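Q:
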Amino acid sequence: MQSELQHPVRLRFAPSPTGYPHLGNIRTALFNWLFARHHGGKLILRIEDTDVARKVEGAIDAIIGSLRWLGLDWDEGPYLQSQRLPDYHQVADRLLQEGHTYWCYCSPERLESMRQEQARLKQPPKYDRRCRDLTQEEGHRLETDGVRPVMRFRTPLEGETTVSDLIHGPVSFKHETLDDFILLKSDGYPTYHLANVIDDHSMEISHVLRADEWLSSTPRHVLLYKALNRQTPHFAHLPMILGPDRSKLSKRHGATTITEYQKQGYLPEAMVNFLALLGWSLDDRTELLSREELIQHFSLDRVGKTAAIFNREKLDWINGVYLRRLSPEEFVNQAMPFLERDLPESVGRPLDPGYVSEVLALVQERARTLAEVPQLASFFFVDEPDYNAALLLSGKLDVTSATGALSAALRSASCIKDWQAASLEETMRSLAVELNLETRELFGLLRVAVTGRTAAPPLFETMAVLGKDRCLKRLDAALRLLSTLE
Ligand code: GLU
Numbered sequence: 038m039q040s041e042l043q044h045p046v047r048l049r050f051a052p053s054p055t056g057y058p059h060l061g062n063i064r065t066a067l068f069n070w071l072f073a074r075h076h077g078g079k080l081i082l083r084i085e086d087t088d089v090a091r092k093v094e095g096a097i098d099a100i101i102g103s104l105r106w107l108g109l110d111w112d113e114g115p116y117l118q119s120q121r122l123p124d125y126h127q128v129a130d131r132l133l134q135e136g137h138t139y140w141c142y143c144s145p146e147r148l149e150s151m152r153q154e155q156a157r158l159k160q161p162p163k164y165d166r167r168c169r170d171l172t173q174e175e176g177h178r179l180e181t182d183g184v185r186p187v188m189r190f191r192t193p194l195e196g197e198t199t200v201s202d203l204i205h206g207p208v209s210f211k212h213e214t215l216d217d218f219i220l221l222k223s224d225g226y227p228t229y230h231l232a233n234v235i236d237d238h239s240m241e242i243s244h245v246l247r248a249d250e251w252l253s254s255t256p257r258h259v260l261l262y263k264a265l266n267r268q269t270p271h272f273a274h275l276p277m278i279l280g281p282d283r284s285k286l287s288k289r290h291g292a293t294t295i296t297e298y299q300k301q302g303y304l305p306e307a308m309v310n311f312l313a314l315l316g317w318s319l320d321d322r323t324e325l326l327s328r329e330e331l332i333q334h335f336s337l338d339r340v341g342k343t344a345a346i347f348n349r350e351k352l353d354w355i356n357g358v359y360l361r362r363l364s365p366e367e368f369v370n371q372a373m374p375f376l377e378r379d380l381p382e383s384v385g386r387p388l389d390p391g392y393v394s395e396v397l398a399l400v401q402e403r404a405r406t407l408a409e410v411p412q413l414a415s416f417f418f419v420d421e422p423d424y425n426a427a428l429l430l431s432g433k434l435d436v437t438s439a440t441g442a443l444s445a446a447l448r449s450a451s452c453i454k455d456w457q458a459a460s461l462e463e464t465m466r467s468l469a470v471e472l473n474l475e476t477r478e479l480f481g482l483l484r485v486a487v488t489g490r491t492a493a494p495p496l497f498e499t500m501a502v503l504g505k506d507r508c509l510k511r512l513d514a515a516l517r518l519l520s521t522l523e
């Protein structure tokens, strides 16, 4: 697609491997990907792994795995910040020489007691700038005392910095609120601020799309760009994702990792569609959009300023639509591993592929996730469904009339030669008339007897797939259950 933007469009997804990627992280990745693809630009994957203490084993693989699963491809990278330390030191040296930064020798204990004191006085936490004006000799002395300093940015004491954000418009921050933030830590690693700014510049990033929570860091970044005499990229801060109760999205709302959604049987296409609507919309109505349509229509103009609300039911609904769109064969392929994994152990393996296809043709209409399939389909596979006898009386019939109706149904069913949905239905409809029962009553009773449930796929198709033997056995078992109620 031809871009209407002038310069090369280059975006990056820059996760920190401090945990497995969750919905919010991947929504950011998706918006960057959509923007890059819409404008025919490039997407760079950069792993921001400079926080050594918070690194989580396996997180990088999970990030890459989640992007691959969702089909969000990138054009360059993954670059690892931990492998670019000399670049950061070089820039840090320059900033120091030019007087934009200074070494701070304050001990963690001093900083901690300062923080506590500020908390007690209900002041925002802030470094008191004790080392900002140390002379060189004072600095040397402290260094020879063995203190490992951090490098801080000399934030202007007055004035303000305005961030022009493509979603929020101009947002101004008073310098007095910004603190002298750290650029190099005492372990020699750069902080997020330094590495992020250096890399966005050296990787020629044109647009930074990231979560709202980073907006408060952006004036610091703008000050750094200015100190380095470099042009800032365009910024766009994406709305937060909140739970249905408008609190921060957490595990309680089902905000598990993307890997977890994959395990629960969501389809990548459905996930992409759902995530795109967390903060962006085409119009007030359209909920279903293919990947191609998303690329075609995505624009920051339609990204909201206010938080997006995570709605699990909507995700389930979208996923159900995508499941129904699969060809029957594809649905079987996707569902088979879930059946193998989750059907009760008493069900023999391997499963009969022919029977599985027939069962799944009925279940496909009803499943919202692949993980639901074994539960929806289990009564087809077990020897006898396990249910409470009282379920047979969930309609209006009492024990005597239910027993009469079921015995009659068993007799009629055993005479059926052509065990197909149509002939079953015809037989049972005439039986209802004969017994002077509403069809709903008789069918409801039959449904419980053959499936052990009050809700299941269409009754006669279900009975056809179950087969005559199984159905007769189940009707017989239901009669025995009824007799326990008398
Ligand atoms: N490493 C940051 C994160 O994990 C990146 C923020 C940004 O995109 O600048 O979200």
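Heads up: the sequence shown begins at 38 in my numbering, then just goes up one per residue. Just so it is clear, CB atoms sit at the ideal spot from N, CA and C, and this is done for glycine as well. Just so we're clear, the structure is a prediction, and the values are computed from it rather than from any experiment.
Mind listing, in chain order, the continuous alpha helix (DSSP H) runs of no fewer than 4 residues lying wholly within the segment 60 to 146?
A: 60 to 75, 96 to 106 and 122 to 134
Q: Let me confirm a value: His244 is counted as buried when at least 16 other C-beta atoms fall within 10 Å, else exposed. Which label applies?
A: buried
Q: Is Leu447 closer than 8 Å to Leu503 when the C-beta atoms are compared?
A: no
Q: Name the DSSP bridge partner or partners of Met188?
A: Trp140 and Leu221
Q: So for Leu479, helix, strand or coil by DSSP?
A: helix
Q: Tell me Ala248's beta-bridge partners as DSSP assigns them.
A: Leu275
Q: Within 10 angstroms of its Cβ, does Asp320 collect 16 or more other Cβ (buried), or is it exposed?
A: exposed
Q: Look up Glu197 in the DSSP assignment and say whether it is helix, strand or coil.
A: It is a strand residue.
Q: Beta-carbon separation of Pro145 and Gln155 under 8 Å?
A: no
Q: With which residues is Leu48 paired in a DSSP beta bridge?
A: As a beta-bridge residue in DSSP terms, Leu48 pairs with Leu80.
Q: For the candidate residues Thr464, Val470 and Leu518, whose alpha-carbon lies nearest to that of Met500?
A: Thr464
Q: Could you give the residue range of the beta strand (DSSP E) that holds Ser444?
A: No beta strand (DSSP E) holds Ser444; the alpha helix (DSSP H) holding it covers Val436 to Cys452.
Q: Helix, strand or coil: which one does DSSP assign to Lys211?
A: strand
Q: Can you tell me where the alpha helix (DSSP H) holding Met308 begins and where it ends?
A: Pro305 to Ala313
Q: Buried or exposed, going by whether 16 or more other CB atoms sit within 10 Å of the CB of Gln401?
A: Its Cβ being crowded by 16 or more others within 10 Å, Gln401 is buried.
Q: Cβ of Arg121 within 7 Å of any heavy atom in the ligand GLU?
A: no
Q: Hey, would you say the C-beta of Val396 is under 7 Å away from at least one heavy atom of the ligand GLU?
A: no
Q: Could you tell me whether the Cβ atoms of Leu221 and Ala129 are closer together than 8 Å?
A: yes
Q: What did DSSP end up calling Thr491 once you bin it into helix, strand or coil?
A: coil
Q: Please classify Pro494 as buried or exposed, where buried requires at least 16 neighbouring CB atoms within 10 angstroms.
A: Result: buried.
Q: Determine the closest residue to Phe416 out of Val396, Ser119, Glu306 and Arg157, with distance taken between C-alpha atoms.
A: Val396
Q: Let me check you understand the geometry: is the CB of Glu195 closer than 7 Å to at least one non-hydrogen atom of the ligand GLU?
A: Not one heavy atom of the ligand GLU sits closer than 7 Å to the Cβ of Glu195.
Q: Can you determine whether any heavy atom of the ligand GLU sits closer than 7 Å to the C-beta of Ser53, and answer yes or no?
A: In this structure, the C-beta of Ser53 approaches the ligand GLU to less than 7 Å from one of its heavy atoms.
Q: Opposite Ile346 in the DSSP bridges: which residues?
A: DSSP output for Ile346 lists Leu279 as bridge partner(s).
Q: Please classify Gln118 as buried or exposed, where buried requires at least 16 neighbouring CB atoms within 10 angstroms.
A: buried
Q: With the cut-off set at 8 Å, would you say Ala344 and Met277 are in Cβ contact?
A: yes
Q: Using 8 Å as the cut-off, can you tell me whether the segment 135 to 154 makes contact with the segment 88 to 106, which would need three or more C-beta pairs spanning the two stretches below that distance?
A: no
Q: So, Leu279 versus Ile346, is the Cβ gap smaller than 8 Å?
A: yes
Q: Examine the Cβ distances between the segment 66 to 82 and the segment 304 to 321 and report whether three or more of them are shorter than 8 Å.
A: yes
Q: Among Leu60, His76 and Pro52, which has the Cα closest to the Cα of Ser336?
A: His76
Q: Quick one: is Asn310 near chain B, going by C-beta distance under 8 Å?
A: In the displayed structure, chain B is absent; only one protein chain is listed.
Q: Taking C-alpha atoms, which residue in Ala248, Gln173, Val369 and Leu376 lies nearest to Leu203?
A: In terms of Cα proximity to Leu203, the closest of Ala248, Gln173, Val369 and Leu376 is Ala248.
Q: Helix, strand or coil for Gly432 per DSSP?
A: coil
Q: Please return the same chain residues whose Cβ sits closer than 7 Å to the Cβ of Ala73, not counting the five positions on each side in sequence.
A: Taken in chain order, the residues that qualify are Val46, Leu48, Lys79 and Leu80.
Q: Span of the alpha helix (DSSP H) holding Ile465?
A: According to the sequence as given, residue 465 is Met; it is not Ile. Its alpha helix (DSSP H) spans residues Ala458 to Leu472.
Q: Quick one: does the C-beta of Glu85 sit closer than 7 Å to a heavy atom of the ligand GLU?
A: yes
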